[in-house]
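Step one of this worksheet: look at the structure below.
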Amino acid sequence: MLAIRLSRGGAKKRPYYHIVVADSRSPRDGRFIEKIGAYNPMLPREHADRIKVDAERAKYWLGVGARPSDRVARFLTGVELMKAPERREQPKKSAPKAKAQERAAKAAEAAGGEAAAAG
Numbered sequence: 001m002l003a004i005r006l007s008r009g010g011a012k013k014r015p016y017y018h019i020v021v022a023d024s025r026s027p028r029d030g031r032f033i034e035k036i037g038a039y040n041p042m043l044p045r046e047h048a049d050r051i052k053v054d055a056e057r058a059k060y061w062l063g064v065g066a067r068p069s070d071r072v073a074r075f076l077t078g079v080e081l082m083k084a085p086e087r088r089e090q091p092k093k094s095a096p097k098a099k100a101q102e103r104a105a106k107a108a109e110a111a112g113g114e115a116a117a118a119g
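In the UniProt record's numbering, the protein residues as written are 1 to 119.
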């Protein structure tokens, strides 16, 4: 099975990734079939060279059946080669617990009541 994924390069604490097509069984930074782009997370989001993708080759590999990783799928969505992947449900562990939600509701009520009294 073919995968379109990131292969890490760059120095320690200075990551640089190549977007590669590889056999899904090969190691992350190991053997690959073709480089089709690059991703430099050290550049600001607006910078033109942050993500570079060869659209023609990416379209070819998607047509052949290569499956992009989650991150690469987001990159390909930005280049409009595929539709946005469905977002998985976020974990509930990080949500505020019951008492914190009650306190927030009371604070919102109090703020709403004060605003109505002032207006």
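Glycine included, each C-beta is placed from N, C-alpha and C at the ideal position.
Could you tell me if residue i is buried or exposed, where buried requires 16 or more neighbouring beta carbons within 10 angstroms of its beta carbon?
i   : result
K45 : The displayed chain sequence assigns Arg, not Lys, to residue 45. Exposed, since its Cβ has fewer than 16 Cβ neighbours within 10 Å.
G37 : buried
V53 : buried
A66 : buried
R5  : buried
Which same chain residues end up closer than 7 Å to residue i when comparing Cβ atoms and leaving out the 5 residues on each side of it in sequence?
i  : result
S7 : Y17, H18, V20, R28, D29, F32
Note down the Cα distance separating residue i from residue j, rounded to an integer number of angstroms.
i    : j    : result
V72  : K93  : 27 Å
R57  : M42  : 25 Å
G111 : Q90  : It should be noted that the sequence gives Ala, not Gly, for residue 111. Their backbone Cα atoms lie some 29 Å apart in a straight line.
I51  : A84  : 17 Å
M1   : A105 : 50 Å
Q101 : A108 : 10 Å
A95  : K13  : 31 Å
Checking contacts by CB at 9 Å: is residue i closer than that to chain D?
i    : result
A107 : Structure shown: chain D not included; a single protein chain is present.
My assumption, with CB atoms under 8 Å, is that residue i sits in contact with residue j. Please give the rounded CB distance.
i   : j   : result
A22 : S69 : Incorrect: roughly 11 Å between the Cβ atoms, too far for contact.
Going by beta carbon distance, what residues of the same chain come within less than 8 Å of residue i, once the five residues before and after it are set aside?
i   : result
A55 : V79, L81
Indicate the three-state DSSP secondary structure (helix, strand or coil) for residue i in the structure shown.
i   : result
A38 : strand
G10 : strand
K93 : coil
V79 : coil
D70 : helix
With a threshold of 6 Å on Cβ separation, who are the neighbours of residue i within its own chain once the five nearest residues in sequence on each side are excluded?
i   : result
E34 : V21
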